[in-house]
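Input: a single structure, listed below in structure tokens.
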Amino acid sequence: AQTVTQSQPEMSVQEAETVTLSCTYDTSESNYYLFWYKQPPSRQMILVIRQEAYKQQNATENRFSVNFQKAAKSFSLKISDSQLGDTAMYFCAFMKYSGGGADGLTFGKGTHLIIQP
Amino acid sequence: SAVISQKPSRDICQRGTSLTIQCQVDSQVTMMFWYRQQPGQSLTLIATANQGSEATYESGFVIDKFPISRPNLTFSTLTVSNMSPEDSSIYLCSVGGADTQYFGPGTRLTVL
């Protein structure tokens, strides 16, 4: 079984600043995917970014990027030029590779990110 | 990405009753998943639903309490049976490809 740990229950930064959310995980799997999801007050889960474990290159999506350290089992999310709309709960999640099929996600407890004007 | 809808979006129910939540996807998908998010908590996987086979439940969740149907490749239902206040949660369905998952908007259930 895998576990996902987010050690920052809440973070607060000023608009336009850069913020990094931490995530560590534990697994015996060699092939897997890692995700960051955003959940605003509307409660809709929005996929922010995805990382394949077999790829050494860190994923980026516009203002969002990750620092994936496979040996350390670390997967942090960096948000650049933060905006008020980034205020939300952010969940780190793990999915093992299932030979072409999907598998269920294991989530961390989440980090509540507040962007101050 | 798939477009996923859930019905109802929210409900308030009395203890001892049952509620069926529907999940509809705009394209055919093999795997569908049901999650529970208790108040102020993270998401926990309840079960995996494949079309044409019995759902697979995670530890701590049983079919008698959370029966699931998957009649076709675009639709699934989750029933929360014999409800108690501890079942008050957001219930979310998701659909999975080989390398990602997309979520429905969730159903907020309050049990009195």
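Line by line, the protein sequences are chains A and B. When we follow our numbering, the leftmost residue of the first sequence carries the number 13, and every step to the right adds one. When we follow our numbering, the leftmost residue of the second sequence carries the number -14, and every step to the right adds one. Where a beta carbon is used, it is the ideal one built from N, C-alpha and C, also for glycine. As the structure is a prediction and not an experimental result, all values here were calculated from the model.
If the criterion is Cβ atoms closer than 8 Å, does the pair Tyr37(A) and Lys108(A) meet it? no
If we ignore side chains and look at the alpha-carbon of each, how far apart do Glu29(A) and Cys104(A) end up? 21 Å
State the CB to CB distance for the pair Ser127(A) and Gln81(A), rounded to an integer number of angstroms; the pair is presumed to be in contact (CB under 8 Å). Note that residue 127(A) corresponds to Ile in the displayed sequence, not to Ser. That belief does not hold up - the Cβ atoms of Ile127(A) and Gln81(A) are roughly 26 Å apart, past 8 Å.
Compare the C-beta of Lys90(A) with all C-beta atoms of chain B and state if any pair is closer than 8 Å. no
Phe47(A) and Arg62(A): beta carbons closer than 8 Å? yes
Would you kindly check if the distance between the Cβ of Val16(A) and the Cβ of Ile91(A) is under 8 Å? no
I want to see whether chain B comes within less than 8 Å of Phe87(A), judged by CB atoms only; does it? no
Of all the residues that make up the region 32 to 63 of chain A, which are near chain B by a beta-carbon distance shorter than 9 Å? Tyr45, Phe47, Tyr49, Gln51, Ser54, Arg55, Gln56, Met57, Ile58, Leu59, Arg62
Applying the criterion that 16 or more other CB atoms from any shown protein chain within 10 Å of the CB defines a buried residue, is Thr72(A) buried or exposed? exposed
Figure out for me which residue from Leu33(A), Thr118(A), Val78(A), Glu64(A) has the closest Cα to the Cα of His124(A). Leu33(A)
Rounded to whole angstroms, what is the Cα-Cα separation between Ile58(A) and Ile(-11)(B)? 12 Å
If you drop the 5 nearest sequence neighbours on each side, which residues of the same chain put their C-beta closer than 7 Å to that of Ser24(A)? Ile126, Gln128
What three-state label does DSSP hand Asp38(A) in the structure shown? strand
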